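Let me begin by presenting the structure, written as structure tokens, before commenting on it.
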Amino acid sequence: MGKVTLNARAMRVADELAGSADELGVTVGSAGKARLIDAGVKQTGSLQAGVMVARACLADLAHVCLVPGWIGDRPHIDVVVDVAKPVEACMASQYAGWQINLPGVPPASGKSYFAMGSGPMRAAYGKEELFDDTGGRESPDSVVGVLETGKLPLAEVACYIAQRCRVDERHVTLIAARTASLVGSVQIAARSVETALHKLHALEFDLSRVVAGFGAAPLPPVAKDDMAAIGRTNDAVLYGARVTLMCTGDDESLQTAGQQLPAGASRDYGQPFAQIFARYDHDFYKIDPLLFSPALITLQNITTGRSFTFGKVDAKVLAESFGFAAANSL
């Protein structure tokens with residue numbers, strides 16, 4: 000019996016989500032011949048739907064849960080991920096590396112469609128340069144993708160994805176949620192370990208040395224619109240995420256990488272992301288790429304038994320970003 004693909008693992012979660020649609024606040028429909036699950040575009044969704052979408056994003060190679068947490072002295076909710084195979088789960092699947100950018104969909108309408116695509120459909124598409132370094136490409140019979148978008152995809156979008164993943168359109172499942180939604184908040188906060196791995200990759204660290212990952216990030220309150228939600232969801236990771244990576248090999252390289260690893264090592268660190276984003280005219284590519292990483296990171300060397308911690312949580316920036324009112328104004 001062959002290895003179970005990332006997409007097959009995610010499909011089991013998608014089927015479970017679809018089977019409990021009413022209880023989870025999602026709907027199941029279609030985009031052309033593909034199955035479409037609206038988890039937070041027109042639907043309200045739910046926290047548990049967010050957990051399931053995060054699991055699908057991670058190809059069900061991680062345990063995801065919500066637990067009590069704190070921001071300063073204020074009780075809050077943390078999104079916790081325990082990742083068994085970090086490179087496969089986070090880099091080949093969860094990372095939002097596929098920009099679904101289609102001008103004129105449908106062509107006669109003159110309206111474009113855009114979504115950030117994540118989930119294991121990326122491993123079937125396989126065109127991102129990232130896969131040249133990390134591996135993980137696959138040729139599955141069916142694919143699952145998560146779309147961070149404010150618009151439900153039309154048939155043309157599903158057809159585009161099916162063609163590029165080399166599968167029949169009937170074997171495509173797309174889960175859509177906007178950033179400013181319950182599901183969007185959960186599934187983005189569940190990217191704490193993924194952002195740490197992506198930063199390590201940017202630092203040219205050998206990711207095969209990372210054998211397990213654990214992360215927790217505060218659940219950002221749903222914002223009034225997607226632009227505000229982009230700020231809050233980024234801040235949840237940059238100023239609030241705590242990640243532990245279990246690694247092998249020598250200590251010296253861990254210490255060297257670790258000093259550059261947390262978000263605080265970036266020149267753009269220190270303000271809510273919405274302010275940073277506005278300063279750069281809302282152009283992600285102008286922001287220091289080294290900013291996108293967890294706030295606090297511990298590297299545990301299971302070869303030598305030593306551990307190293309870098310960075311810090313900034314409760315003040317989180318409180319400002321999340322719109323927390325002062326206690327005396329409640």
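Numbering (numbering that gives the first Met the number 0), first residue to last: 0 to 329. Where is the CB? At the ideal position from N, CA and C, for every residue including glycine. Treat the numbers as computed from the prediction; the structure is a model and nothing was measured.
Ends of the alpha helix (DSSP H) at I160? What you label residue 160 is simply residue 161 of the sequence shown in a count that begins at 1. Residue range A154 to C164 is occupied by the alpha helix (DSSP H) that includes I160.
Does the beta-carbon of H281 have 16 or more other beta-carbons within 10 angstroms, so that it is buried, or is it exposed? Counting from one through the sequence shown, the residue named residue 281 turns up at place 282. Exposed is the call here.
Span of the alpha helix (DSSP H) around F321: Residue numbering aside, residue 321 sits at position 322 when the sequence shown is read from its first letter. Segment: none, F321 is in no alpha helix (DSSP H) and carries neither H nor E.
Give the DSSP bridge partners of P74, in chain order. Here residue 74 refers to the residue found at position 75 when the sequence shown is read from its first residue. As computed with DSSP, P74 is found in a beta bridge with W69.
Segment limits, alpha helix (DSSP H) that includes T43: Within the sequence shown, the letter at position 44 stands for residue 43. Where T43 is concerned, there is no enclosing alpha helix (DSSP H), given that its DSSP letter is neither H nor E.
Per-residue DSSP class, three states only, for E137: The residue given as residue 137 occupies position 138 in the sequence shown. Looking at E137 - three-state DSSP - the assignment turns out to be coil, as it is neither helix nor strand.
The region 168-185 in contact with the region 36-56 per 3-pair CB rule at 8 Å: Touching, yes.
Report yes or no: do the region 308-316 and the region 250-260 share at least 3 C-beta pairs separated by less than 8 Å? Enough Cβ pairs lie closer than 8 Å, so yes.
Could you check where the beta strand (DSSP E) with L23 kicks off and where it finishes? Here the question's residue 23 lines up with position 24 in the sequence shown. Not the beta strand (DSSP E): L23 falls in the alpha helix (DSSP H), residues A20 to L23.
Which listed residue (F283, A318, L129 and Q254) has its alpha carbon closest to that of L298: One-based indexing of the sequence shown puts residue 298 at position 299. In terms of Cα proximity to L298, the closest of F283, A318, L129 and Q254 is Q254.
Under the assumption that A13 contacts A58 (Cβ atoms under 8 Å), give the Cβ distance between them as a whole number of angstroms. Position 14 of the sequence shown holds residue 13. Position 59 of the sequence shown holds residue 58. The beta carbons of A13 and A58 sit about 11 Å from each other, so the pair does not count as a contact at 8 Å.
T194 classed as buried or exposed, judged by whether at least 16 other C-beta atoms fall within 10 angstroms: As a first step, residue 194 must be located in the sequence shown, where it is residue number 195. Buried, since its Cβ has 16 or more Cβ neighbours within 10 Å.
For the alpha helix (DSSP H) that contains I187, what are its first and last residues? Here residue 187 corresponds to residue number 188 of the sequence shown, with the count starting at 1. First-last of the alpha helix (DSSP H) with I187: L181 to A188.
Between which two residues does the beta strand (DSSP E) harbouring R241 extend? Counted from its first residue, the sequence shown places residue 241 at position 242. Taken as a continuous stretch (DSSP letters only), the beta strand (DSSP E) holding R241 covers R241 to C246.
Three-pair Cβ contact test at 8 Å for the region 88-101 versus the region 62-76: Not touching, per the Cβ criterion.
Cβ neighbours of D81 in the same chain (closer than 7 Å, five flanking residues each side left out): Residue mapping note: residue 81 aligns to position 82 of the sequence shown, counting from 1. Excluding five sequence positions before and after D81, the CB atoms of its chain that fall closer than 7 Å to its own CB belong to A61, H62 and F213, given in chain order.
Please report how far the alpha carbon of C158 lies from the alpha carbon of V221, in whole angstroms. Taking the sequence shown and counting its residues from 1, one reaches residue 158 at position 159. Taking the sequence shown and counting its residues from 1, one reaches residue 221 at position 222. Going by the C-alpha atoms only, they are around 31 Å apart.
Taking a contact to mean a Cβ-Cβ separation below 8 Å, would you say A48 touches V25 in this structure? What you label residue 48 is simply residue 49 of the sequence shown in a count that begins at 1. What you label residue 25 is simply residue 26 of the sequence shown in a count that begins at 1. A contact, by the Cβ cut-off of 8 Å.
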